[in-house]
Amino acid sequence: MTDLALSRTASLRDWLLSDRPQSRAQARLGRAYMTWLRFAANRLALVGLVILVALVAVAALAGVIAPHSPTAGDLGGARLLPPLSPGYLLGTDDQGRDILSRLIYGARLTLTVVVLVAILTAPVGLLIGTVAGYAGGILDGVLMRVTDIFLAFPKLVLALALVAALGPGIENAVIAIALTSWPPYARMARAETLAVRHADYISAVQLMGASPARIVFHHVMPMCLSSLIVRVTLDMAGIILIAAGLGFLGLGAQPPAPEWGAMIASGRRFILDQWWVATMPGMAILIVSLGFNLVGDGLRDALDPRESGR
Amino acid sequence: MTPDTAPALSIRSLDVTFGPFRALQDVSLDIRTGEAFGLVGESGSGKSTLLRAVAGLAPTTAGSIRMGAETLKPGKRSRAFHSRVQMVFQDPFGSLHPRQTIDRQLLEPLAIHGIGDGERRILKALDEVGLGAGFRFRYPHQLSGGQRQRVAIARALILEPSILLLDEPTSALDASVQAEVLNLLEQVRRDRKLTFVMVTHDLGVVTHICERLAVMRGGQVVETVTSADLIAGKVSAGYTRDLMRASEGFRRH
Amino acid sequence: MTPLLQVEDLRVSYATRTGLVEAVRGVSFTLGRERLGIVGESGSGKSQTGRAIMGLTPPQAQISAKTLRFGDIDLLTAPPKLRRNLRGGRIAMVLQDPKYSLNPVMTIGRQIVETLRTHARVSRAEARQRALEMLAAVQIRDPERVFDLHPHEVSGGMGQRVMIAMMLVANPELLIADEPTSALDVTVQLEVLSILDRLVGERGMGLIFVSHDLRLVSSFCDRVLVMYAGRVVEEIAASDLSRAKHPYTRGLLDCVPTLGTHRHPLPVLDRKPEWRL
Chain Z
-1 MTDLALSRTA SLRDWLLSDR PQSRAQARLG RAYMTWLRFA ANRLALVGLV
49 ILVALVAVAA LAGVIAPHSP TAGDLGGARL LPPLSPGYLL GTDDQGRDIL
99 SRLIYGARLT LTVVVLVAIL TAPVGLLIGT VAGYAGGILD GVLMRVTDIF
149 LAFPKLVLAL ALVAALGPGI ENAVIAIALT SWPPYARMAR AETLAVRHAD
199 YISAVQLMGA SPARIVFHHV MPMCLSSLIV RVTLDMAGII LIAAGLGFLG
249 LGAQPPAPEW GAMIASGRRF ILDQWWVATM PGMAILIVSL GFNLVGDGLR
299 DALDPRESGR
Chain C
4 MTPDTAPALS IRSLDVTFGP FRALQDVSLD IRTGEAFGLV GESGSGKSTL
54 LRAVAGLAPT TAGSIRMGAE TLKPGKRSRA FHSRVQMVFQ DPFGSLHPRQ
104 TIDRQLLEPL AIHGIGDGER RILKALDEVG LGAGFRFRYP HQLSGGQRQR
154 VAIARALILE PSILLLDEPT SALDASVQAE VLNLLEQVRR DRKLTFVMVT
204 HDLGVVTHIC ERLAVMRGGQ VVETVTSADL IAGKVSAGYT RDLMRASEGF
254 RRH
Chain W
12 MTPLLQVEDL RVSYATRTGL VEAVRGVSFT LGRERLGIVG ESGSGKSQTG
62 RAIMGLTPPQ AQISAKTLRF GDIDLLTAPP KLRRNLRGGR IAMVLQDPKY
112 SLNPVMTIGR QIVETLRTHA RVSRAEARQR ALEMLAAVQI RDPERVFDLH
162 PHEVSGGMGQ RVMIAMMLVA NPELLIADEP TSALDVTVQL EVLSILDRLV
212 GERGMGLIFV SHDLRLVSSF CDRVLVMYAG RVVEEIAASD LSRAKHPYTR
262 GLLDCVPTLG THRHPLPVLD RKPEWRL
């Protein structure tokens, strides 16, 4: 029985690693599997992946696994209980709310910010960068000067100004972060585009009569994608920190939302006597940022275009 | 093979400049329908630039290129042009998209020109270049240099062009693989009655494939001779003689 | 008299995901003060052989041999410091493309002087003098001017001549040339080859000439090793090339189109699995 299972996994592996795939799907899966093998060869990257999977699971199952409500506390009997108190694994805050439950629900907010920022910025940066790089000339000049203007502002300061103008709140924080995060992606995509636009395989599709849009979308963008994914993943840690920073300054998610940065802000008043109130969300931010960084590093090795070329 | 009298390509006083550098100066050539024409020269002679200018990949600054009855506009090529003229590049590692399967790369020209029946055409093209269906879903990095060049030829032929531009198609290949690819090129030329314009620095290769050739140097045509005259030593330019001497190999003085 | 170089059962292998790949599988030869050509197609192990002798294989390569001896020095057990001293000193190597072998931010003259001064005790002034003489010896017309140029300011042929000058300035006893002219134009190739030929002859060096071009090698060398799949399949005196016995050697000679021969289609190599054995 185990033998059979063993031989089945062995043949699946062979099928995936085959030098002569028989179908489009097999070719694609085989390629993905090779990438996965390179990624999995890096232990730390796997640790990072476990952290991120755990984050997603916790956010999805918050309602099931959280022992208490994230917003309603027990003001009478459970204010500022230390960690490992009965019923409160990580202690409670000054409102008598369970910190663990707040962290669990806070994962949803963190994930929302990260995903929204990635969805808003990466495609914009990719599009602007590849179009500018491929078109060249005036269009390139205009697009890149606009990018430069956004790059010239410090990220957090611009985000602060925007949130101050738009009003505090998680949506506005996302918009502010997104507006300040896309320029580096555009720059990077442009550099990659310049490197491939004179390659013979691009000349070959030009000679087939492909339109510039088709060349950019079908032939140039795939070449920029892997470095973009790596860069976005590595930037996630920074985005979490900016979101937490805005929360800390009271410009992100508003109370009583269990946003990690805001939790640190409210815990800072009693940091010396009740250290856990500020420390626990700090740890959460640290671990999740580390997770994104480790995965980003692993992806850099796994998606390296020089590696995937062979 | 008796070449038609009407030229397939007619190039008149063509100039190509890159900044201050004149890559081509006043080049005029006629390439007859059905013939294989060679462009021979060393690096910087402008032979590849001339080929790319015909393909519309290099900007022309003066002169004209006519294809049959159509005068090609500088920097613009019609859809009909793309289905009549295709190109095979020198470096088999750089001319295939590294992230697309062979299938996808052969499908692309058909998709651009809205030609259906992809399945049959792709299998036929692979078969014609001696690769077979087993190669269809591989990525370029799973192929050898010779196999990649066969794919590049298949991709060029799939739109059924009448003129094939060949930019040193075998110079990056091993000698024995070069022989296979040259044989393949001769075969498809015979089968499809193609016109070849072939750039090379190898006199052996050019006289093997082509009936006529132009020797280029410093962006200009030094002379145009037939392969038979070249082999017989009936050439007028001293530079052509230098090239011939060099191709005979090293001799101790 | 001991030969200059003794190689017996040289093996170079690389560990990959799919197992051990042997690039060189048991190559043996001895070299005196002569010109030896090593010919083969890509992947035949010809360059790996040259690099193993030079000690330039990447660190993940495993090298083994029964004998790998340069004069009296056992190259397999020689300490890294001694091998570094040999490299560029008593053994030199010319690579295919001068673009990648010359330091782009150092003037040509300084690179030659540095090479000389790491291997010989000479004063700065004398080193400069010898560098200029060397540049003149590779037929550079204006050595003083070229001395102060950077590598990107010279043409490919000039760059390769500079490379040869740099490699020969310390008077090596053995020169390994790996495709020294393949990146050059045909007319320039001949000039560079005749310079190399003259210097090797004058100085009585041993030469290993690695190339894919069987005809070129046989016109340049005394003896030729033909490699296929990591092994030497035939060793033959260059003058006897037309009487080569191995079908691979004959195939390599046959499949090249030459001026004035009419063969349509060209004969192609029918690779037999037993050649690999």
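Residue numbers (our numbering), protein chains in the order written: chain Z, -1 to 308; chain C, 4 to 256; chain W, 12 to 288.
The C-beta atom is built at its ideal place from N, Cα and C for all residues, glycine as well.
Residue-level contact by beta carbon fails for D194 of chain C and chain W, as no gap is shorter than 7 Å.
Going by C-alpha positions, F246 of chain Z is about 10 Å away from L239 of chain Z. Counting along the chain, no alpha helix (DSSP H) covers T88 of chain W, and no H or E run does either. Against chain W, the beta carbon of D177 of chain C has neighbours under 8 Å at E52, S53 and H223, listed in chain order.
In chain order, V91 place their CB closer than 6 Å to the CB of P172 of chain C, counting only its own chain and leaving out the 5 sequence neighbours on each side.
When only Cα atoms are considered, L86 of chain W and T78 of chain W end up about 9 Å apart. Taking CB atoms only, G131 of chain Z has no neighbour in chain C less than 7 Å away. Using a Cβ-Cβ cut-off of 7 Å, D198 of chain Z counts as an interface residue toward chain C, since at least one Cβ of chain C sits closer than that to its own. In the displayed model, L21 of chain W falls within a strand according to three-state DSSP.
Under the 7 Å criterion on CB atoms, A58 of chain C is classed as interfacial with respect to chain Z. Against chain C, the CB of G207 of chain Z has a partner CB under 7 Å away; the residue lies at that interface. The beta carbon of K57 of chain W sits closer than 6 Å to the beta carbons of I49, G51, V221 and M238 from its chain, once the five residues preceding and following it are set aside; these are given in chain order. Excluding five sequence positions before and after D72 of chain Z, the CB atoms of its chain that fall closer than 6 Å to its own CB belong to G94, given in chain order. Rounded to the nearest whole angstrom, the CA to CA distance from P166 of chain Z to P254 of chain Z is 14 Å.
Boundaries for F92 of chain C: no alpha helix (DSSP H) harbours it, and the DSSP string shows neither H nor E there. Collapsing the DSSP output to three states places A197 of chain Z in coil. Interface flag for S230 of chain W against chain C is set, since a Cβ pair is found closer than 7 Å. In this structure, A56 of chain C lies near V19 of chain C, with their beta-carbon atoms less than 7 Å apart. Listed as beta-bridge partners of Y86 of chain Z by DSSP are Z:S83.
Taking 7 Å as the CB threshold, R172 of chain W stays off the interface with chain C.
The C-beta of F199 of chain C comes no closer than 7 Å to any C-beta of chain Z. When only Cα atoms are considered, A193 of chain Z and Y142 of chain C end up about 21 Å apart.
By the neighbour-count criterion, in which a residue is buried when 16 or more other Cβ atoms sit within 10 angstroms of its Cβ, S224 of chain Z is buried. Under the DSSP assignment, T20 of chain C falls in the beta strand (DSSP E) whose first and last residues are P10 to F21. Put simply, the backbone Cα of L93 of chain W is about 28 Å away from that of L146 of chain W.
With a threshold of 7 Å between beta carbons, T41 of chain W makes no contact with chain C.
Around the beta-carbon of N40 of chain Z, 16 or more other beta-carbon atoms lie within 10 Å, marking it buried. Going by DSSP, D170 of chain C is part of the beta strand (DSSP E) stretching over I166 to D170.
Within chain Z, the residues V203, M206, A208 and H216 have their CB atoms less than 8 Å from the CB of E111 of chain C, given in chain order.
The C-beta distance from A188 of chain W to V243 of chain W rounds to 18 Å, too long to fall under 8 Å, and the pair is not in contact. In the structure shown, I161 of chain C adopts coil according to DSSP, grouped into three states.
Looking at the backbone, the Cα of G243 of chain Z and that of A263 of chain Z are separated by about 9 Å. The C-alpha of E246 of chain W is placed about 20 Å away from the C-alpha of L186 of chain W.
Think of a sphere of 7 Å around the beta carbon of T210 of chain C: the chain W residues whose beta carbon falls inside it are L270, in chain order.
Under DSSP, Q73 of chain W shares a beta bridge with W:S24. Burial is judged here by how many other beta carbons sit within 10 angstroms of a residue's own beta carbon; H196 of chain Z has fewer than 16 and is exposed.
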